[in-house]
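For the sequence shown, UniProt numbering begins at 1 and goes up steadily by one.
Contents: one structure, followed by commentary.
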Amino acid sequence: MFLKRSFAKGNAYYSLAGSVRVDGRVKTRIIKQLGRLSDDEANRWNLIFRTEPHDIGRWILDTSDITTLHSYRHGTVALAHAMWKRLGMDSAVYDALSHVKGRSLGAKLIETMVVNRIDDPCSKLAMLEWMPGTSLPFMLGIDPAHLHENMFYRAMDALWKRRDTIERRLFENIVSRYSNSGIVLKDLTSTYFEGTHCPVAKYGYSRDHRPDCLQVSWSLVETEEGLPVTFEIYPGNTPDRKTLNGSIERIQRLFSLKSGIFVSDRGISTEENICTVTSAGFHYVVAETLSNITDIVDAAIDGGLRPVDDGVDLTYADVFREGRYIVIHGREKEKDDIATLYKAIAKGEGIIAAVRDYASKHPDAGGEKMLSRAVREMERHHLSTYFTVEWNDREKNITAVQKDKVERERRYAGYWVLRTDLEERSAADVISIYKGLWRIEHTFSEIKSSLDVRPVRHRRSDRVAAHIWICVLAYLIGRIAEIDVRRMQERNSPDRQLPAITAESVFSSFGSIVLSEHAVKGDSAAGGSPQQNSPDGLPRLPRLSA
1 MFLKRSFAKG
11 NAYYSLAGSV
21 RVDGRVKTRI
31 IKQLGRLSDD
41 EANRWNLIFR
51 TEPHDIGRWI
61 LDTSDITTLH
71 SYRHGTVALA
81 HAMWKRLGMD
91 SAVYDALSHV
101 KGRSLGAKLI
111 ETMVVNRIDD
121 PCSKLAMLEW
131 MPGTSLPFML
141 GIDPAHLHEN
151 MFYRAMDALW
161 KRRDTIERRL
171 FENIVSRYSN
181 SGIVLKDLTS
191 TYFEGTHCPV
201 AKYGYSRDHR
211 PDCLQVSWSL
221 VETEEGLPVT
231 FEIYPGNTPD
241 RKTLNGSIER
251 IQRLFSLKSG
261 IFVSDRGIST
271 EENICTVTSA
281 GFHYVVAETL
291 SNITDIVDAA
301 IDGGLRPVDD
311 GVDLTYADVF
321 REGRYIVIHG
331 REKEKDDIAT
341 LYKAIAKGEG
351 IIAAVRDYAS
361 KHPDAGGEKM
371 LSRAVREMER
381 HHLSTYFTVE
391 WNDREKNITA
401 VQKDKVERER
411 RYAGYWVLRT
421 DLEERSAADV
431 ISIYKGLWRI
441 EHTFSEIKSS
451 LDVRPVRHRR
461 SDRVAAHIWI
471 CVLAYLIGRI
481 AEIDVRRMQE
491 RNSPDRQLPA
501 ITAESVFSSF
511 GSIVLSEHAV
521 KGDSAAGGSP
531 QQNSPDGLPR
541 LPRLSA
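Shown next, in the form of structure tokens:
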């Protein structure tokens, strides 16, 4: 065996080679490609080949002679980097940044922000401290010491301006390959905001249960498999029903989706929106707000409900009134609804009792003040729809009467209604299609928890949007990793019950892998600082090949 050197475009490349005899002639066989080597590395290989067999023991090191100079977080970032490249996200971003100054660096910084969300989410400023502790700078060929926070912000600006181009490319490269069901699902959420100067930060209905904070609203359109198709951001006080037109326009214009089944929750369900969906060529499955269609629910109750399917604790009835309505009842949901109602009533009665007690002890406080206090507390806890609060001059105290809504909620506990134009599909099929919305809820949960999208601290609207979209891209990588591992397990163990696979579990299984730089006692070539060992100022890493 010997070290073979060849040249290409002025560069020297090395390989391990050996001589073999074929048909009486000696030929050279390449055993392993080593790529480009420094002079020191090439000399080491030649020294090994020149060493006599009886001297080979001197190449076996005592572990006490090895000193670790640096260790870098490697497993999670290496997997995320490999997924970024395998899915074509590197080329999608790089190509979209054409005519951008510093195009190559910008694409690498965008990848860095996405990988950071997967490994150890932090602010753009803190990222400058996170990067040197990982192997990502070596894989990307950038020196964190030469970066500053504003570089990340400029990369975010460039990313968001080219959202349409990148989303279209990702749909072609990834989403369309992993999904062919023809079902698209849309849902909205909100994320609370730190600060007061962002134009899209408004007070609104908080899905984070933080009504005290400004928020931004945003939506995803996903496939049935949980793959994000497109992302949109809105002011925090935007009603759900006003977001549909933009989503339909985007999925038609960018992805040429002109048919399928569109699924959404009750906030989208208006006559105008349903017309928009059907005019675009889609069928629909949407939830209805129960209080708006109690006559339909009453008709179903009067006519009787039947089981949805064997082994499923649901009953249903079809009601046809300018479309198909499926009225569904679940016993477990009924228990939950009743428990929630009684909890609200108890909370309201507690507020009334506290105000009455205060009024009894402070008779000079005045009826108007006491009434205002009771109403304010009811509204703060969203209980004013359950009670009518009045001032009783004879008792010199407040009185509260339960509204008719309490009795209505008791009657309709456990019921929910779907509206659809899929008249040939069974109720079980339609319910199953609608329940796919849980996947978007799971996406929102992952982005808010594992990927730490909140709190948002950016002031500019485009940077708020870019920040959330970076989290969505990180989620997409994780979801594909989850799908791939699950498919591999099913292929290798088709008859076994497999454990639950999540993106977090996939990446955390690589979390303990580190990349270390070592020095060997008495070996001057391995010692010294990383700057001495590398002309580009980065630690010299071993060359790895698959």
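Cβ coordinates follow ideal geometry from the N, Cα and C atoms, glycine included.
Task: Rounded separation between Asn173 and Ile470 - CA only - done: Each residue's alpha carbon lies about 18 angstroms from the other.
- [ ] Put Pro144 into one of helix, strand or coil per three-state DSSP.
- [x] helix
Open item on the list: Beta-carbon within less than 7 angstroms of Ser219's beta-carbon, same chain only, minus the 5 sequence neighbours each way: which residues are those?
Closed with: If we look at Ser219 and ignore the five residues flanking it on each side, its Cβ neighbours are Lys186, Asp187, Leu188, Glu232, Thr243 and Ser247.
TODO: May I ask you to report which of helix, strand or coil DSSP gives Ile293?
DONE: coil
TODO: Could you name the residues that DSSP lists as bridge partners for Glu390?
DONE: Answer is Thr399.
Task: Spatial neighbours of Val472 in its chain, beta-carbon cut-off 6 angstroms, leaving aside the 5 residues before and after - done: Listed in chain order, the non-local C-beta contacts of Val472 below 6 angstroms within the same chain comprise Pro228 and Phe231, local neighbours out to five positions each way being set aside.
TODO: Could you check which residue in Leu422, Leu476 and Ser15 has the C-alpha nearest to that of Ile440?
DONE: Leu476
- [ ] Just confirm the distance between the C-beta atoms of Gln215 and Tyr234, as a whole number of angstroms; I'd bet it's less than 8 angstroms.
- [x] That pair is no contact at about 10 angstroms.
TODO: Report all residues from its chain with a CB closer than 6 angstroms to the CB of Lys521; omit the five preceding and five following residues, and keep chain order.
DONE: Asp65
TODO: Going by DSSP, name the residue or residues bridged to Gln215.
DONE: Tyr192 and Lys202
Task: Met1 versus Leu47 - alpha carbon distance - done: 12 angstroms
Open item on the list: Quick check: the Cα distance between Arg168 and His442, rounded to an integer number of angstroms?
Closed with: 24 angstroms
TODO: Give the DSSP bridge partners of Ile66, in chain order.
DONE: Val520
Open item on the list: Which residue marks the beginning of the beta strand (DSSP E) containing Asp318, and which one marks its end?
Closed with: Its beta strand (DSSP E) spans residues Leu314 to Phe320.
Open item on the list: Suppose you measure from the CA of Ala525 to the CA of Trp438; what does that come to, to the nearest Å?
Closed with: The pLDDT assigned to Ala525 is 39, lower than 50, so where the model puts this residue is not dependable, and the model offers no usable value.
Task: Proximity to Phe255 [Cα-Cα], best of Asp452, Arg356, Gly182 and His467 - done: Gly182
Task: Nearest candidate by alpha-carbon position, reference Val114, set Gly133, Leu159, Asn150 and Thr385 - done: Leu159
Task: Proximity below 9 angstroms, CB of Gly226 to CB of Arg479 - done: Their beta carbons are under 9 angstroms apart, which means Gly226 touches Arg479 by this criterion.
Task: Run of the alpha helix (DSSP H) containing Arg486, from where it starts to where it stops - done: Ser461 to Asn492
- [ ] Check each candidate in Phe507, Ser384, Ser360 and Phe49 and name the one with the smallest Cα separation from Ser450.
- [x] Phe507
Task: Spatially closest choice to Ala374 from Glu349, Lys361 and Glu395, by CA coordinates - done: Glu349
TODO: Using beta-carbon positions only, say whether Leu341 and Glu409 come within less than 9 angstroms of one another.
DONE: Note that the C-beta distance between Leu341 and Glu409 is below 9 angstroms.
Open item on the list: Report the start-end ranges of each beta strand (DSSP E) in the stretch 226-291 that is 3 residues or longer and not cut off at the edges.
Closed with: 228-235, 260-264 and 282-288
TODO: Return yes when the Cβ of Arg177 is within less than 9 angstroms of the Cβ of Val221, no when it is not.
DONE: no
- [ ] Indicate whether Ala359 and Met370 have their beta-carbon atoms separated by less than 9 angstroms.
- [x] yes
Task: CB of Val453 within 9 angstroms of CB of Cys198, strictly - done: Note that the C-beta distance between Val453 and Cys198 is not below 9 angstroms.
Task: Reduced DSSP secondary structure (H/G/I, E/B, other) of Arg103 - done: helix
Task: Run of the alpha helix (DSSP H) containing Gly350, from where it starts to where it stops - done: Arg331 to Lys361
Task: Span of the alpha helix (DSSP H) around Arg21 - done: Boundaries for Arg21: no alpha helix (DSSP H) harbours it, while the beta strand (DSSP E) harbouring it runs Asn11 to Val22, taken from the DSSP string.
Open item on the list: So, does the stretch 78-85 touch the stretch 144-159, judging by three or more C-beta pairs under 8 angstroms?
Closed with: The stretch 78-85, when compared against the stretch 144-159, does not touch it at the 8 angstroms Cβ threshold.
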